[in-house]
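See structure below.
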Amino acid sequence: MEIFTSNSLAETEAVAEKVAEKCKNGGFLALYGGMGAGKTAFVRGLVKALCPECLDLVHSPTFAIVNEYRGKSIDIFHFDLYRLTDEDDLYSTGFYDYIEQGGLTITEWTELFEGEIPENAIKLKIEVIDENQRRFTLC
Numbered sequence: 001m002e003i004f005t006s007n008s009l010a011e012t013e014a015v016a017e018k019v020a021e022k023c024k025n026g027g028f029l030a031l032y033g034g035m036g037a038g039k040t041a042f043v044r045g046l047v048k049a050l051c052p053e054c055l056d057l058v059h060s061p062t063f064a065i066v067n068e069y070r071g072k073s074i075d076i077f078h079f080d081l082y083r084l085t086d087e088d089d090l091y092s093t094g095f096y097d098y099i100e101q102g103g104l105t106i107t108e109w110t111e112l113f114e115g116e117i118p119e120n121a122i123k124l125k126i127e128v129i130d131e132n133q134r135r136f137t138l139c
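Structural data, given as structure tokens:
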């Protein structure tokens, strides 16, 4: 377990760069954290580190459910599971197909579908300490 603290968006991006080292060959990154915790800001920092040519494309996938960032060295699939209601909804997004493609799959609101994530997923919990400060716990 590793714990990082951030006091700004810039520091959140720096934390993301450290986590990116563990994700550079793809896999599954499960994000946990409430509304406004900084999940999408974290993903922006991760994409900046792994797929900088895609940085301008990063935004919350709340309405699209999944955003694809197809880079020169890695493809990143960024899911927001918040609006999904059951496993049928999850299946209809192509979730399992994305995982099979390789690349890096990232989920926000992972706790809603905990039983559907791969056993080898990297888990990152984001806690709001105050308006600007966040604690990141990497498992």
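Reminder that position 36 of the sequence shown reads as 36 in the working numbering, one-by-one numbering, no gaps. Even for Gly, the Cβ is constructed at its ideal location relative to N, Cα and C.
I need the straight-line Cα distance from residue i to residue j, nearest angstrom please.
i      : j      : result
Ala37  : Val128 : 6 Å
Ala64  : Thr12  : 24 Å
Leu50  : Asp88  : 31 Å
Gly34  : Ile3   : 18 Å
Thr85  : Ser6   : 32 Å
Met1   : Glu114 : 19 Å
Ile122 : Cys139 : 6 Å
Measure the Cβ-Cβ separation of residue i and residue j and say whether it is below 7 Å.
i      : j      : result
Ile126 : Leu104 : no
Thr93  : Tyr32  : no
Ala20  : Thr107 : no
Glu53  : Gly26  : no
Go ahead and pull the three-state DSSP assignment for residue i.
i      : result
Gly36  : coil
Glu87  : helix
Glu119 : coil
Ala30  : strand
Can you name the start and end residues of the alpha helix (DSSP H) that residue i belongs to?
i     : result
Thr12 : Leu9 to Cys23
Asp97 : Phe95 to Gln101
Restricting to Cα atoms, I'd like to know which of the options is closest to residue i.
i      : options                           : result
Ala14  : Phe42, Lys24, Lys22 and Phe28     : Phe42
Thr137 : Val66, Gly115, Ala16 and Val47    : Ala16
Ala10  : Lys24, Leu46 and Cys23            : Leu46
Tyr96  : Tyr82, Asp130, Ile117 and Arg135  : Ile117
Lys18  : Leu112, Leu124, Asp130 and Asn132 : Leu124
Just reading off the beta strand (DSSP E) that residue i is part of, what are its end residues?
i     : result
Tyr82 : Careful: Tyr82 lies outside any beta strand (DSSP E) and carries neither H nor E.
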